[in-house]
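Encoded as structure tokens, the structure appears first; notes follow it.
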Amino acid sequence: MSDSDVALLDRPIWSALTTSHKHLAEGGPRALRYPVDMTPFADMADMSAASFAALGDLMSDTQVVALFTQDAVDVPAGFKVVLAETGEQMIGSPADSPLRDAEIVRLGAADVAAMMALTALTKPGPFALRTHELGTFLGIRVGAELVAMTGERMKPGKFVEMTAVCVHPDYRGRGYAQALLAAVARQIEARGEIPFLHVFSNNTSAIALYQRQGMRIRRRLHVTAFMKQG
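So the numbering used here is basically just the index in the sequence shown, starting at one, shifted up by 37.
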């Protein structure tokens, strides 16, 4: 990959909404966002007052938007910050991790209620009613219960973000997360694309897991979520 290709990851949301997910973008030249029922992610052409105003025009009074940026964001008056953290952007090809006692299945619209319940329990990050439409999601069931899942989210150029890596607390320690991460990565690579992911900097156990599977930290990004000031 060229330096310009890899540079798309420095602004993953803007890059996705102007390349592979351009058909989903809402907004205009100064501010873009995903549909609110898919994900709260948004970005701006720059951090000017005009761009913040354009983003504000895309928000209702109750909606939260989230930015991934190279530098900390100075949110102007008129907005209230609800989250300001850092995250590690990791890239690489997770090693295969076969399962002996479980089957990986593809998830779809019929599984949304179960996916919402699992993410509400495990809190891997934002997951909405239409998040599953952003890419393929894979899961593991025990009986009729969905107990683990992982899927695809942002797609900046030829890169595909792996997301919603979650396992029900009663079923951890069985290698489900590793197996699902590897399976999602294989399907991304089969299309000639490159897997990556984001993880909060303080989630050291997850970072260690991804590193053991062969991923590496590419860079740190700032994660800022805010809403209109009431």
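Cβ coordinates follow ideal geometry from the N, Cα and C atoms, glycine included.
- Shown here, D74 sits in coil according to DSSP, grouped into three states, outside any helix or strand.
- Burial state of D80 is buried, judged by a 10 Å Cβ sphere holding 16 or more other Cβ atoms.
- When DSSP states are grouped into helix, strand and coil, H169 belongs to the helix group.
- Within the same chain, L45, K192, P193 and G194 come within 8 Å of T56 by CB-CB distance, once the 5 residues on both sides are set aside.
- Within the segment 136 to 219, the runs of alpha helix (DSSP H) that reach at least 4 residues and sit entirely inside it are, in chain order, 149 to 159.
- By the Cβ neighbour-count rule, E198 is buried, with 16 or more other Cβ atoms within 10 Å of its own.
- Under DSSP, H235 shares a beta bridge with Q126.
- Between I128 and V142, the alpha-carbon positions lie close to 24 Å from each other.
- When secondary structure is reduced to three states using DSSP, A245 falls in the helix class.
- Rounded to whole angstroms, the gap between the alpha carbons of R228 and V221 is 11 Å.
- No Cβ-Cβ contact shorter than 9 Å links M252 with L217.
- Cβ neighbours of D74 within its own chain (closer than 7 Å, five residues either side excluded): A165, L166 and R167.
- Short of 8 Å from the beta carbon of G93, and not among the five residues preceding or following it, lie these beta carbons of its own chain, in chain order: G115, F116 and K265.
- Look at D47 here: in three-state DSSP terms it is helix.
- As DSSP reads the structure, K265 sits in a beta bridge with F116.
- In the DSSP assignment, L61 falls outside any alpha helix (DSSP H), carrying neither H nor E.
- Secondary structure of A227 (DSSP, three-state): helix.
- For Q224, the CB contacts under 7 Å within the same chain, skipping 5 residues up- and downstream, are T173 in chain order.
- For E226, the CB contacts under 8 Å within the same chain, skipping 5 residues up- and downstream, are S130 and P232 in chain order.
- The continuous beta strand (DSSP E) containing A103 extends over residues V101 to T106.
- Counted as a single uninterrupted DSSP element, the stretch harbouring A82 is not any alpha helix (DSSP H), since DSSP gives it neither H nor E.
- Annotated three-state conformation of V221 is helix, per DSSP.
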